[in-house]
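In order, the protein sequence lines correspond to chains A and B. Plus 365 on top of the position in the first sequence (first one is 1) and you've got the working numbering. Plus 365 on top of the position in the second sequence (first one is 1) and you've got the working numbering. Note that beta-carbon positions come from the ideal geometry of N, C-alpha and C, so glycine has one too. Quick notes on the structure that follows.
Protein chains: 2
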Amino acid sequence: MGPSRVWTTSFLLLACACLTSVHGRKYLREELRASHMVHEHQNRASARPSPEAYKSLRDIFFRYEESKSFGADIELTQMELNANQIIMEVKTKEFEEGMIVPHLFTPSQHFFTVLDEIRESPLFQYISKMPKGGVLHAHDTALCSTDYLVELTYRENLWVCQNSTTKSMVSFKFSKNKPEPSDLEDDCTWELMSKVRELNGAKPVDEYLREHLTLYPVQKFEDNNQAWQQFMGIFGLLDGLLLYAPVWADYYYNALEEFYADGVQYLEFRSTLPILYDLDGNKYTEMDTVDIYKQTLDKFMAANPGFIGSKLIYAPLRNVDDATMEHFVRTCIEIKKKYPDFLAGFDLVGQEEPGRPLKDFIPQLLSIPDDIDFIFHAGETNWFGSSVDENLIDAVLLGTKRIGHGFALVKHPLVLQMVKERNIAVEVNPVSNQVLQLVADFRNHPCSHFFADNYPVVISPDDPSFWKASPLSHDFYIAFLGIASAHSDLRLLKKLALNSIAYSSLTPDQKVEAMHKWQTQWDIFISNVVNGETDTNDGAQHRLDTNRID
Amino acid sequence: MGPSRVWTTSFLLLACACLTSVHGRKYLREELRASHMVHEHQNRASARPSPEAYKSLRDIFFRYEESKSFGADIELTQMELNANQIIMEVKTKEFEEGMIVPHLFTPSQHFFTVLDEIRESPLFQYISKMPKGGVLHAHDTALCSTDYLVELTYRENLWVCQNSTTKSMVSFKFSKNKPEPSDLEDDCTWELMSKVRELNGAKPVDEYLREHLTLYPVQKFEDNNQAWQQFMGIFGLLDGLLLYAPVWADYYYNALEEFYADGVQYLEFRSTLPILYDLDGNKYTEMDTVDIYKQTLDKFMAANPGFIGSKLIYAPLRNVDDATMEHFVRTCIEIKKKYPDFLAGFDLVGQEEPGRPLKDFIPQLLSIPDDIDFIFHAGETNWFGSSVDENLIDAVLLGTKRIGHGFALVKHPLVLQMVKERNIAVEVNPVSNQVLQLVADFRNHPCSHFFADNYPVVISPDDPSFWKASPLSHDFYIAFLGIASAHSDLRLLKKLALNSIAYSSLTPDQKVEAMHKWQTQWDIFISNVVNGETDTNDGAQHRLDTNRID
Chain A
366 MGPSRVWTTS FLLLACACLT SVHGRKYLRE ELRASHMVHE HQNRASARPS
416 PEAYKSLRDI FFRYEESKSF GADIELTQME LNANQIIMEV KTKEFEEGMI
466 VPHLFTPSQH FFTVLDEIRE SPLFQYISKM PKGGVLHAHD TALCSTDYLV
516 ELTYRENLWV CQNSTTKSMV SFKFSKNKPE PSDLEDDCTW ELMSKVRELN
566 GAKPVDEYLR EHLTLYPVQK FEDNNQAWQQ FMGIFGLLDG LLLYAPVWAD
616 YYYNALEEFY ADGVQYLEFR STLPILYDLD GNKYTEMDTV DIYKQTLDKF
666 MAANPGFIGS KLIYAPLRNV DDATMEHFVR TCIEIKKKYP DFLAGFDLVG
716 QEEPGRPLKD FIPQLLSIPD DIDFIFHAGE TNWFGSSVDE NLIDAVLLGT
766 KRIGHGFALV KHPLVLQMVK ERNIAVEVNP VSNQVLQLVA DFRNHPCSHF
816 FADNYPVVIS PDDPSFWKAS PLSHDFYIAF LGIASAHSDL RLLKKLALNS
866 IAYSSLTPDQ KVEAMHKWQT QWDIFISNVV NGETDTNDGA QHRLDTNRID
Chain B
366 MGPSRVWTTS FLLLACACLT SVHGRKYLRE ELRASHMVHE HQNRASARPS
416 PEAYKSLRDI FFRYEESKSF GADIELTQME LNANQIIMEV KTKEFEEGMI
466 VPHLFTPSQH FFTVLDEIRE SPLFQYISKM PKGGVLHAHD TALCSTDYLV
516 ELTYRENLWV CQNSTTKSMV SFKFSKNKPE PSDLEDDCTW ELMSKVRELN
566 GAKPVDEYLR EHLTLYPVQK FEDNNQAWQQ FMGIFGLLDG LLLYAPVWAD
616 YYYNALEEFY ADGVQYLEFR STLPILYDLD GNKYTEMDTV DIYKQTLDKF
666 MAANPGFIGS KLIYAPLRNV DDATMEHFVR TCIEIKKKYP DFLAGFDLVG
716 QEEPGRPLKD FIPQLLSIPD DIDFIFHAGE TNWFGSSVDE NLIDAVLLGT
766 KRIGHGFALV KHPLVLQMVK ERNIAVEVNP VSNQVLQLVA DFRNHPCSHF
816 FADNYPVVIS PDDPSFWKAS PLSHDFYIAF LGIASAHSDL RLLKKLALNS
866 IAYSSLTPDQ KVEAMHKWQT QWDIFISNVV NGETDTNDGA QHRLDTNRID
């Protein structure tokens with residue numbers, strides 16, 4: 366017996382499944398006809414279906430598959446359909462050229478190789494101008510452009526500690542007088558930055574900084590561990606620069622500006638809440654760090670009424686002892702008390718592998734009141750079956766609101782099922798995953814599976830400052846061209862924007878307002894695409910320019 | 366409102382799911398208790414569960430997840446449990462050392478870099494000696510070791526055509542007299558191989574051949590297309606050597622020997638059925654090629670009663686016009702008529718991207734009688750949404766018995782669902798996928814998902830000759846250490862072996878006999894592992910040696 370009986374029976378079932386599931390009723394009659402054809406076929410003598418019956422069911426199958434994918438539930442207006450056609454034209458061109466010469470396809474290469482090439486892409490231009498909603502996964506000291514970081518090093522009273530032999534920059538510090546000899550392991554000597562520039566010339570110094578304040582252009586680390594080492598090194602070098610209280614405020618303000626200019630209207634950022642310092646030797650606390658955030662945000666909101674807002678996820682380092690974790694918990698509760706609306710939730714950060722897994726801190730985590738949401742990093746690994754990989758299970762069992770990364774989710778079908786049932790958004794950070802050596806070719810990123818099966822996904826940049834990426838546009842571009850299906854269109858992009866509001870920590874009322882602010886910019890964007898106007902983000906850009914506070 | 370209500374409700378549901386689904390009843394009472402604890406917790410005032418209730422449910426979750434994974438349904442005997450402990454010890458050691466220094470973990474590196482290192486691995490030693498069942502995906506001119514290929518080039522009457530300027534070898538031909546000047550594009554000159562060795566020395570010539578008859582050691586092609594170009598080039602160079610009728614028989618016989626010695630007892634191979642030639646200028650047909658296969662197999666079976674058998678999947682090249690496809694269909698029907706048991710099915714081969722997709726040949730394919738199974742290559746691509754990617758859909762809609770590669774399956778959840786419901790085995794070829802540039806780090810191979818969710822998987826070598834791999838052991842090793850979970854144990858390996866028989870084209874009666882032959886060797890293997898005996902594959906090896914036919 367051949368496969369024909371199986372064929373027809375299965376297809377009747379499939380057709381029925383389609384009939385009850387396909388989004389939109391317009392196909393109903395057509396599908397019934399196809400189903401009839403198979404039924405007829407079943408009663409004929411021949412073994413396999415006729416080419417006509419096959420074609421009908423093939424069409425149903427494709428429509429059904431499409432109906433289950435990410436963005437398929439979005440209905441576009443006529444105007445949006447027109448814009449979609451324009452955007453799909455440029456996407457399809459890049460995709461098809463890639464199929465002919467795969468090694469030139471930007472998402473199949475290392476991000477650092479194609480960083481500038483992507484900026485030239487017509488598709489990127491559209492995405493760059495698109496209002497993309499909010500960013501739900503980003504770390505507070507890795508937000509701003511390299512230009513801005515270099516600008517900061519021109520401030521008065523900034524000292525740099527240089528290794529006595531190699532002259533490499535080890536540490537920064539703002540100080541009225543020469544700081545005490547460093548107690549760092551490195552043997553280094555403090556010098557005023559202005560003096561260093563005087564001695565070496567501003568250009569070479571700026572070049573040096575550009576090279577050392579990001580991971581760019583190193584494409585090949587020995588492995589994920591070495592990439593993380595380098596990565597944590599940059600955080601360390603930045604500390605003395607950014608933890609200076611006045612800079613801390615300005616850095617955040619500038620980040621909001623840069624994100625807004627890139628079409629981001631909301632920012633939910635993770636912070637370890639480092640202890641700040643100033644020139645007068647004042648003592649600061651974690652709460653002071655939060656206060657400065659809140660005041661800066663209020664100032665930014667006053668100047669940028671089109672912006673939706675920003676919230677803090679308190680996310681201290683995971684590699685600590687139990688007592689320190691208890692301190693973190695108390696701090697988190699205090700913040701929630703003082704800023705119930707500004708605090709979005711709690712997380713733990715730092716490379717998962719060498720850090721402690723969630724299961725080590727169950728009593729402490731369960732002691733956190735349930736009006737504070739967990740928004741855990743989990744599964745940023747490719748070690749299947751390791752305790753890091755299994756953080757995914759603890760994250761969902763602890764009731765996480767979203768999952769940071771979830772790169773390893775495809776290895777946990779039961780967690781995937783819960784992600785869907787409980788509507789836990791996955792914060793996917795494409796560029797970060799490649800730079801930190803989890804995936805080489807974006808076409809193999811597991812988010813393809815999430816898109817294909819309509820998981821609740823948001824796209825985020827993680828640490829755009831460290832890879833010289835735009836705040837969000839590069840990640841959107843990679844996700845749209847390199848990870849999603851060739852067929853995925855404006856509906857996917859729109860859904861990503863909508864998800865970033867839906868899965869944010871905004872209250873229901875705030876979400877209504879957020880949607881309004883986003884829709885306003887979206888309508889302008891769509892109209893500009895259709896009308897072929899080049900700079901569609903003028904509104905936001907203009908607001909930023911005229912209200913700039915330095 | 367926090368997440369606590371969600372927590373408890375979901376967990377009651379989860380606990381119920383576990384109660385009805387977990388394989389084995391021994392956990393039942395424990396789970397009921399855990400479920401009660403959650404229920405009690407729900408009635409208490411505190412917001413989150415107690416650490417104890419959490420721990421119980423966490424345990425259930427882990428057991429439930431484990432119960433759904435590939436191999437979990439296999440029950441091991443006491444003897445097998447002992448062997449398992451020994452094997453898991455060496456696996457865990459390699460895994461944990463990898464977590465400490467990831468870049469030294471063999472499955473995270475390019476196969477060519479670690480080819481020899483793997484042979485030294487104690488885990489590989491066990492896998493190498495394990496009776497692994499059958500190989501269901503391999504191409505007939507890429508089966509034998511490089512040693513054997515070089516050996517073939519020592520045969521009498523073999524001529525080689527060398528490029529007149531570069532002296533690179535362009536073509537082989539057996540002939541009594543010097544062949545006519547080649548009509549190939551390359552400007553080359555025919556010379557006897559024996560003469561070439563005389564002129565250049567045997568050693569350099571052999572070295573040259575070793576380098577040009579495999580893809581080894583080139584790790585980085587520009588892209589998948591370039592890898593395929595090189596790959597097809599080797600097939601071309603081999604043609605004149607292998608298509609000589611006497612060699613054709615010997616090559617197949619030797620392949621069966623090498624596979625059997627590697628613990629493979631059954632081989633279902635794909636062939637384009639090329640037209641052979643001999644010294645006397647006799648005309649051959651496709652059916653002659655099949656005849657030679659059948660006669661050689663009969664000879665091998667007579668000499669090796671422990672071997673299960675071998676079948677042919679007729680798999681001509683996909684890049685042809687409709688008329689040629691119709692010729693293929695007629696040929697296939699003829700073969701089925703003459704050798705109803707030897708023919709396993711029909712497939713199309715060649716790189717999918719530049720080739721024609723299945724949908725182009727629907728009428729021809731549907732005209733094949735349904736007593737001939739389809740066993741299609743599909744989804745050997747990372748171009749999501751391309752027509753190649755969508756071959757997966759046609760493959761299942763056409764009723765394929767198995768899927769060759771299915772690398773892109775995770776991008777098609779509905780196809781995945783059908784793969785499960787219709788029990789369509791996925792022929793996963795790990796090493797091939799890396800060498801042909803679909804995936805860089807095996808830990809990201811989509812088969813992780815198939816293992817995690819218990820899809821019907823078999824592991825195959827595709828073209829082991831071209832990557833200097835052992836017939837099957839390297840792929841098994843990579844799958845077990847690099848793709849499966851750290852927790853996956855002997856049950857996964859045993860299930861892979863059992864699947865290779867269950868999803869073969871053997872008839873039910875043949876499967877009974879096959880199981881018996883496999884079990885005999887398996888029992889010896891287990892006993893040898895437990896007793897610390899080193900060469901467990903002695904039986905097969907010995908039989909081969911004493912009955913060798915040259």
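No residue range can be given for B:M495, since it is assigned to no alpha helix (DSSP H) and is classified by DSSP as neither H nor E. Neighbourhood of A:A805 in chain B, by CB distance below 9 Å: V804, A805, D806, N809, in chain order.
Three or more beta-carbon pairs drawn from the segment 829-839 of chain B and the segment 787-797 of chain B are found closer than 8 Å, and the two stretches are therefore classed as touching.
Excluding five sequence positions before and after A:F477, the CB atoms of its chain that fall closer than 6 Å to its own CB belong to Y581, P582, Q584, given in chain order. According to DSSP, B:R767 shares a beta bridge with B:I740, B:A790. Shown here for B:V479: same chain residues with a beta carbon closer than 6 Å to its own, the five before and five after excluded, namely T471 in chain order. Near chain A, meaning a CB-to-CB distance below 7 Å, the residues of the segment 577-596 of chain B are E587, D588, N589, N590. In the three-state scheme derived from DSSP, where H, G and I count as helix and E and B as strand, A:G463 is classed as helix. Between A:D736 and A:K766, the C-beta gap is not smaller than 8 Å, which leaves the two residues out of contact. Against A:L857, chain B offers no close residue; the least beta-carbon distance is about 11 Å (beta-carbon pairs closer than 8 Å). Taking 8 Å as the cut-off, the Cβ atoms of B:V694 and B:S636 do not count as close. Assignment of B:K538 by DSSP, reduced to helix, strand and coil, places it in the strand class. Contact with chain A is found for B:H852, since one of that chain's Cβ atoms lies less than 8 Å from the residue's Cβ. For the C-beta of A:I758, the chain B residues within less than 9 Å are, from N- to C-terminus, R423, F426, F427, E430. By the criterion of a C-beta distance shorter than 7 Å, A:Y704 is surrounded in its chain by V655, K659, once the five residues flanking it on both sides are discounted. Classified as buried, A:V500 has 16 or more neighbouring CB atoms from the shown chains inside 10 Å of its CB. Here the segment 591-603 of chain B does not lie against the segment 720-730 of chain B, with fewer than 3 beta-carbon pairs under 8 Å apart.
In the three-state reduction of the DSSP assignment, B:Y581 falls in the coil class, being assigned neither a helical nor a strand state. For the pair A:A680 and A:F711, the Cα-to-Cα distance works out to about 6 Å. If you look at B:W613, you'll find it isn't in any beta strand (DSSP E); it sits in the alpha helix (DSSP H) that goes 610-626. Counting along the chain, no beta strand (DSSP E) covers B:W748, and no H or E run does either. A Cβ of chain A is located within less than 8 Å of the beta carbon of B:M464. In the structure shown, the three-state DSSP call for A:A709 is strand. According to DSSP, B:S636 shares a beta bridge with B:Y679. Approximately 6 Å separates the beta-carbon atoms of A:V525 and A:V561; this is inside 8 Å, confirming the contact. Residue-level contact by beta carbon fails for A:R695 and chain B, as no gap is shorter than 8 Å.
When secondary structure is reduced to three states using DSSP, A:T689 falls in the helix class. When C-beta distances to chain A are compared with 7 Å, the residues of the segment 812-824 of chain B below that value are S813, H814, A817, D818, in chain order. For the 8 Å CB-CB criterion, B:S869 and B:Y625 do not form a contact. Check the Cα spacing between A:D512 and each of A:M444, A:Q443, A:L574, A:F460: the tightest is with A:L574. Residue state for B:D759 is assigned as helix, using DSSP reduced to three classes.
With the rule of 3 Cβ pairs closer than 8 Å, the segment 452-471 of chain B does not count as touching the segment 876-886 of chain B. Look at the beta carbons and you see the segment 769-776 of chain A touching the segment 738-749 of chain A: at least three pairs across the two are nearer than 8 Å. Taken atom to atom, the span from the alpha-carbon of A:W555 to that of A:L603 is near 16 Å. B:N864 sits close to B:A790, with the two beta carbons spaced by under 8 Å.
Per the DSSP secondary-structure output, A:G598 pairs with nothing in a beta bridge.
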